[in-house]
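Working notes, beginning with the structure itself.
Chains as they are written, first to last, in our numbering: chain A, 20 to 513; chain B, 20 to 513; chain C, 20 to 513.
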């Protein structure tokens, strides 16, 4: 017998093993696969590599509490003892899905929603509903000021008679611009007949599709897309724990968290050693130091962390901001996190839908209070303390608190310059009921808080050196301030 | 005996090679190695790790058609049964290589060219000749307008008497700037005597060397460098299939394809899971879902893809644009792909060597027609359909087509502003036969189409969120437009 | 039985753990672990994965000379035969550490310094003392001109009465900005009582902590932090050899070395193949071609490299600039490397603490001479020659030398524009004893040399295409020059 053959045999036993059980698949899913083994077969192959294709809910729920990846107390019998396949998700709750359609004898919906996932993961769904991200669509679209900023980005400008004018943005542009991350609203607009290898068939036409934005409004009315972070069709926890996943929406100059992480010491260790055999991105719970030696985004913000002595470092949370005491993302100043994830309720004293005054004072009424801030700060620091001494942690957070103040101060300076330009009539602002985002000095002002203050604060929070200095950091805060004054001085002349 | 131990034993036999055959090396290559085991030994080690050091052409061509990595029907006998070593490439076709020189009894050339590689890979060479990239040198250097843009980048500016003047760029600067990617022209300029450990020797002096640009003009007149994507001396297909390879020339603000891919869902999955054992970057054919679960650049643009049911998803192509219906890279507007890879032939109605008018209308005569566009679009969509539903694909491409229009419109607005500045005499343009790239407002105009429109379109094509918004996307299109108007208004005063 | 087979069997036993020896740990370290297995346990787990937790100094020094990772000739007996644990470092030389404090019967210091590491690594420490990086704190803080630049970055600007004024930067901001990489000065400011699970305890309060900057001034007066590149608590050589480590401080627009590397051919090969089994980042010595097929930052600048024939390609150096003949980082022009790592001594002819005149001529007296330049260039080229032919290398360095000249020329043009603005009274400069970094045209001038010239030179040095063109390269040099002239022209009007 040739050695290769021995190898094969060993491998056969090992993988099918004489001891691996056949994954029990539902008859419905088997029916799907009859055609879909050849109609987009890549999806099927992808799914086969994931845990859902191998483990039934009944098996998943038998795990010890701390190792569970599901959170249901009961699910329908028919789902218990089959792996989670095509039919289990795409025919679930079909009455709640207005986009559900008849497909070879099944009521099928294309857009699987968090409501569907909640069948096995109800706790995660409930938490995610409290996540600002779940509300990302409405918080942008139903806030007149933010929508005006979006319009200044997405609207077409045309030039005639020496003047520029803005058109209103269209839905397709929005879907691909802001709503790419914030999530689109998916609605059905009739059906389309298509001739397929299996005869003519009708399919729903979905507006706003495709989209995996974190605050997607699904046809069933639910918010978000679990696939934003657990991409189809493996839904892997390992992928969600890697920073590349977050980079999709957190890399640009407005929120360069991924960039900052990359040059932080944590990012350095992750990039240099996460491929080593000793890192395990799939373990539940995730044991600090043993499964990973430097945190990723998920470790600090989401994951259920244990330490080697068995104690809990942090509970799993899909709310994600419950370890965050201050919202570093300035609107227009950094501020305590909103109390409700629906931020459209917020009004500052000036009546604007902003969590801070133009002068920086927080709209306290709508924000978490000092006590809640302290609790959240403590939760985050528990994560730090899994590896760092208390002195280290106090030093780090002392600087962050300081940087929140100094960057807010630089935003204030820019705001004063803008107010001065408005006062002098060099640009049209709030008083003239003009967009506050369409003129050059206004755009400079936006970059001050949206790009440079944000970058500087994120660099402070994670240790991202140059993102607080020359890479859209303090250098740019300072240069931009000077250029705003120059703009005013040049236009004042004449 | 435990299964792990069996596995170990099998591995022992395997690696000690109780049966591994000695790779048959030619006597000529053995002669090379006599010295070159110590004269740049790193190259030798690198080569030893590649497939060419282990497989003879005769073995390679015996594979089933779909698994073949070579495309020759016949090659010289002496090459058939030896691995592809130093001598096989560096002494091949030596009469065609004007840079060939006598070296220890051999006629050796330093610059191995696609013509040499075509001995075993004639189909790939022929396809690559139809690739725009093969023509990247001439398409830049022999187009007066593009060359003027290059001159405005590479020329030294000097300041005297309150005026700036441009010098003509020199060859060394060009070689390292535009031609670093486009490819240099390599010519021999005499020889140089060097004293070596093996006595005095003469070597050719090569101008334009080193260079691995995609459109390199080789001493034998052939175009391109296979090593651009299959770097020396492993010539690995796995390396070429990874996006890092493309990043060399496709990361900057003019063509941020790699950046966009990185934050796309495909890039997220690649970065998070491509190191897993289930991904195989070396497989031929490349099976969607099985060998990889998210496409890289190569998957969509180059590779021979199969699906698990054995059907062909896409044929291998080294032309690379035969799955591309529209050229997103605006010159100055996005437009249907050129019909010939030699774009120096193109003239728009205004007589400029541009594929579009200044007002955006394509120079149809030189571009692929609607039918060819549809065919190419269909080829690309076949790749998408390996994993995505038809509704998904239609939604995605509908948005891309829309974004092509809106970004072209924003380029038009900027062009109108520039024309207005020229009209008013605030800058010197076409009418004055001045460079259209040397004044500030002209440079702002260039950034509109070269940076911001391109970035926005690439983001649309791959789902790269912020690269269509705040990372050189629509935000910058809008801001730049406003700033162009400001520039005009400030200079009009006085 | 063949040796590989024995190796296999050994491996089987080893991994099944038939004879794994207990690492000998000191009683003191065992005492630390009694509490610290639960007080920041992540650190302990991290440490356990590193070599220091497994190998005693006595074992480490028995290796053949070329494989040694330690450089001591003698160390105290008590350290010889135990692994390097908590107590070995944190209670070492405690009398020299003013921040040392009584902790459960031990004199413990938090900040382990290069002086401590020098116990086993004296040669590396000595070399590092000659590294510009070791002096990064003083070279910035004690140079009035550089400090003025830092102040213009870190100082708060406030706006009143139509004018902007700069405040002096505070220590916390500096610690997080420039000093994040340059290193802070760590001093103790009293102690703090904390109640812990083990009763009340006093801990030192450290100013400037945490910090891992390369030129950190430690409480014991030593300079630097070995953990900058060998992060806690594995102190891995593999991590230090990966480019991600360098990216922490070398990614921003002022010194985009990591970015440039990423798009270079070397970076491409690293990113595409460094995870393959044939790369070994841990090997000492590091064998070119065998252990790695493309250099990382460390390979060219630091590591002890051998070739497969056993000859030395490059000696290990922690001075790091002894393979560098020219300092590409312009201050304000590229120039020969400073002779002393303490650059505060330097004065140009105009009396400014700069290594060049404002017109570009080097302050030769303080810089290495031609001969030293040639020696260093040769050392670097020996690394290149391990894989590249002499013709290749000459071609590459010829271009680099040329680019040093052309980028210096573009810096000169910008400087002339700035001098012109000062002359005309449009900005306040040296003559007025005003900061030369606080006005818009001054900031544009800074970006010319600090961002664009630097980026272009780094791209030249490593082959980073677009970083010499459209990604902060020549395009920006040219555009910025034009905009400086525009600024002057606009302010001259009126």
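Here a beta-carbon is modelled for each residue, glycine too, at the ideal position from N, C-alpha and C.
The model shown is predicted, which means the values in this text are computed figures rather than measured ones.
Close to chain C, meaning a Cβ-Cβ distance shorter than 9 angstroms, are the following residues of the segment 171 to 184 of chain B: 171, 172, 173, 174, 175, 176, 177, 178, 179, 181, 182 and 183. Looking at the backbone, the Cα of residue 495 of chain A and that of residue 179 of chain C are separated by about 20 angstroms. In this structure, residue 347 of chain B keeps its C-beta atom at 8 angstroms or more from the C-beta atom of residue 428 of chain B. Under the Cβ distance rule, residue 443 of chain B does not count among the residues neighbouring chain C, no pair being separated by less than 8 angstroms.
The beta carbon of residue 398 of chain B sits closer than 6 angstroms to those of 342, all from its chain and outside the five residues before and after it, given in chain order.
When the beta-carbon positions are compared, residue 303 of chain A and residue 86 of chain A come within less than 8 angstroms of each other. For the pair residue 389 of chain C and residue 431 of chain C, the Cα-to-Cα distance works out to about 23 angstroms. Considering only beta carbons, the part of the segment 458 to 489 of chain A lying closer than 7 angstroms to chain B consists of 458, 459 and 462, in chain order. Inclusion of residue 487 of chain B and residue 195 of chain A in the CB contact set at 8 angstroms is warranted, their separation being smaller than that value. Note on geometry: alpha-carbon atoms of residue 379 of chain A and residue 149 of chain C lie some 48 angstroms from one another. The three-state secondary structure of residue 510 of chain C, taken from DSSP, is helix.
Residues of chain C whose Cβ lies closer than 9 angstroms to the Cβ of residue 407 of chain A are, in chain order, 59, 61, 62 and 229.
Secondary structure of residue 455 of chain B (DSSP, three-state): coil.
With a 10 Å radius around the Cβ and a threshold of 16 neighbouring Cβ atoms, residue 364 of chain C comes out exposed.
Considering only C:154, C:101, C:172 and C:244, the residue with the shortest C-alpha distance to residue 133 of chain C is C:244. In this structure, residue 344 of chain A lies away from residue 418 of chain A, with their beta-carbon atoms at least 8 angstroms apart.
Under a criterion of Cβ atoms nearer than 8 angstroms, the residues of chain A adjacent to residue 281 of chain B are, in order, 263, 266 and 270.
8 angstroms or more divides the Cβ of residue 52 of chain B from the Cβ of residue 308 of chain C.
Judged by their CB atoms, residue 135 of chain B and residue 207 of chain B are not nearer to each other than the 8 angstroms cut-off. Note: residue 209 of chain A is not bridge-paired with any residue in the DSSP secondary-structure output. For residue 203 of chain B, the closest C-alpha among the options B:217, B:213, B:225 and B:468 is that of B:225. Interface criterion not met: the Cβ of residue 204 of chain A is under 8 angstroms from no Cβ in chain B.
As the crow flies, the alpha-carbon of residue 420 of chain C is around 10 angstroms from that of residue 191 of chain B. Only 415, 417, 418, 421, 422, 425 and 428 from the segment 415 to 428 of chain C bring a Cβ to less than 8 angstroms from some Cβ of chain B.
Setting aside the 5 residues that flank it on each side, residue 55 of chain C is surrounded in the same chain by 62, 63 and 105, each with a C-beta closer than 8 angstroms to its C-beta; the list follows chain order. Residue 236 of chain B counts as buried, since at least 16 other C-beta atoms from the protein chains shown sit within 10 angstroms of its C-beta.
Put simply, the CB of residue 247 of chain B is far from chain A, with every gap to its CB atoms at 8 angstroms or more.
When rounded, the separation of the alpha-carbon atoms in residue 70 of chain B and residue 356 of chain B is 35 angstroms. Sixteen is the threshold: when 16 or more other Cβ atoms of the shown chains lie within 10 Å of the Cβ of residue 251 of chain B, as they do, the residue is buried. Taking CB atoms only, residue 76 of chain A has no neighbour in chain B less than 8 angstroms away. The alpha-carbon of residue 242 of chain B is positioned some 14 angstroms away from that of residue 141 of chain B. Residue 404 of chain C and residue 510 of chain C do not touch by the CB rule: their CB atoms are close to 53 angstroms apart, not below 8 angstroms.
Under the DSSP definition of a beta bridge, residue 305 of chain B partners with B:324. In this structure, residue 176 of chain A and residue 497 of chain B form a Cβ contact; the two beta carbons are roughly 6 angstroms apart against a cut-off of 8 angstroms. Pairing residue 332 of chain B with residue 412 of chain B gives a Cβ-Cβ distance that is not under 8 angstroms. A buried status is given to residue 455 of chain C, since no fewer than 16 other beta-carbon atoms sit within 10 Å of its beta-carbon.
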